[in-house]
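Each residue of the sequence shown is one higher than the last, beginning at 1 in our numbering. Beta carbons: idealized from backbone N, C-alpha and C, even for Gly. One structure is given here, and the rest of the page talks about it.
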Amino acid sequence: GFVRVVIARAKYRVVEATPDAPAESMLVTAPVAPQLLTRSLAAPSLLAHVLSEKFCDGLPFHRQEDRFTRLGLRLDRGTMCRWAEELGATLGATVVEAMRDEAMRTAFCISTDATGVLVQPIPGGDQARRGCRKGHFLVQIADADHIFFEYLAKETSAAIGELFRGFSGYVQADAKSVYDLLFKPPDERPPPDDGEPDLAERKEVGCWAHARRKMWESAITSKDPVAREGVLRIHRIFELDRSWRGKPPDEIRSLRELHLRSHTDAFFAWVAVEYERVKGQRGMLRSALGYAHRQRGPLTRFFEDGRLALTNNQSERELRRVAVGRKAWLFVGSDDHAQAAGNVMSLIASARLHRLDPE
């Protein structure tokens, strides 16, 4: 429940006297207790509760307002919204910024993916009523240390490149074209607006879950034996790699080279033959085989280091929290609100990553 804390500020009469001057008295008041938000009566525990209910458990502010009313506390949803924006902006400029600086300098591999979010239009003057526009939340998972949610008004190659600027290492993503810029040589990248080129070099790591999903969809819809064989071949690769989970990275790398290399070589040789047979046709089978055929380099990147994962499923699991919450709170109020929400979600997701209670 809720506790009302009354802070009493004591006043003192101080008498100062010197040999050369008569005694003078003055009133001194004890300083105000530290406040997390200026001119706010909310204690840190209440603010943490409101933010975790919204961004960890997907409970929108209007439902929290109803719950608080039933508990005897009248708390307006607009007030909670302002709290979230100010706290999110503060976190973004302090804790999250420090996390990002460390990740860009030290991370071995960053996994990434994106999902859409609706942004409420800003009302203005005599403008006609407009619908929500679409933005994007992009997640970045830096090893087992940090998780970031970044808001993008438009999911473009330039915006993605700006988020990864300065990072050298592995990037695991799906085969979406907006990520292609990250893996080009520095001299082939277009110059950014500020004129400072990005000289970092990155390697693409593919996602076997995407390759398997396309094969599975083709096998379910068309019942094609080729697609079913592809699912079984990929299943064998997953099954072997799963059996080495928990071993040291160097040992995993050796085991993959010893046992998995022959399976992947045979898989891509089989894909090349089957894709040549169906590439003139239309359908899900051609799409599935074409994806695997074009992604052979990124899909075999995991042989380079035992720390690399076969799939990008962790990114999709983190984005699922956005998708689940989005069904309840529907949209964000503006671009600034979206970025503030992303900062709060970054802290919550990172806390969960380290098995800490977000609240």
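L299 counts as buried, since no fewer than 16 other beta carbons sit within 10 angstroms of its beta carbon. Runs of alpha helix (DSSP H) with 4 or more residues, each lying fully within the segment 222 to 267, are found at 225 to 242, 249 to 255, listed in chain order. Contact annotation: I110 and A89 have beta-carbon atoms that are not nearer than 7 Å. A straight-line Cα-Cα distance of about 6 Å links M215 and V231. By the C-beta criterion, the segment 99 to 118 is judged to be in contact with the segment 159 to 168, since at least 3 inter-stretch pairs fall below 8 Å.
Taken through DSSP and simplified to helix, strand or coil, K176 comes out as coil. For P44, the uninterrupted alpha helix (DSSP H) run begins and ends at 44 to 55, by DSSP.
F267 is not a Cβ neighbour of R296, given a cutoff of 7 Å. By the C-beta density criterion, F137 is buried, having at least 16 other C-beta atoms within 10 angstroms. Counting other Cβ atoms within 10 Å of its Cβ, V3 stays below 16 and is therefore classed as exposed. If you ignore the 5 residues before and after L353, its C-beta comes within less than 6 Å of the C-beta of I147, all in its own chain and listed in chain order.
Put simply, the backbone Cα of A175 is about 10 Å away from that of A292.
The beta strand (DSSP E) runs of length 3 or more contained entirely in the segment 124 to 203 are, from start to end of the chain, 133 to 142, 146 to 152, 169 to 172. Three or more pairs of CB atoms, one per stretch, sit closer than 8 Å, so the segment 309 to 322 contacts the segment 202 to 212. One Cα belongs to E188, the other to E204, and the distance between them is close to 16 Å. Check the Cα spacing between A340 and each of E150, F68, H49: the tightest is with E150.
The segment 46 to 54 makes contact with the segment 80 to 97: 3 or more CB pairs, one atom from each, lie closer than 8 Å. In terms of Cα proximity to G58, the closest of R355, L356, I348 is I348. Membership of I348 in the alpha helix (DSSP H) is indicated by the continuous run 335 to 353. In terms of Cβ geometry, A17 and A10 do not form a close pair [threshold 7 Å].
Burial is judged here by how many other beta carbons sit within 10 angstroms of a residue's own beta carbon; Q172 has at least 16 and is buried.
Looking from the CA of G92, the closest CA among G283, F61, D336, R236 belongs to D336. Using a C-beta cut-off of 8 Å, the segment 218 to 232 makes contact with the segment 276 to 293, since at least three inter-stretch Cβ pairs fall below that distance.
The distance from the Cβ of L240 to that of L260 is about 6 Å, consistent with a contact at the 8 Å cut-off.
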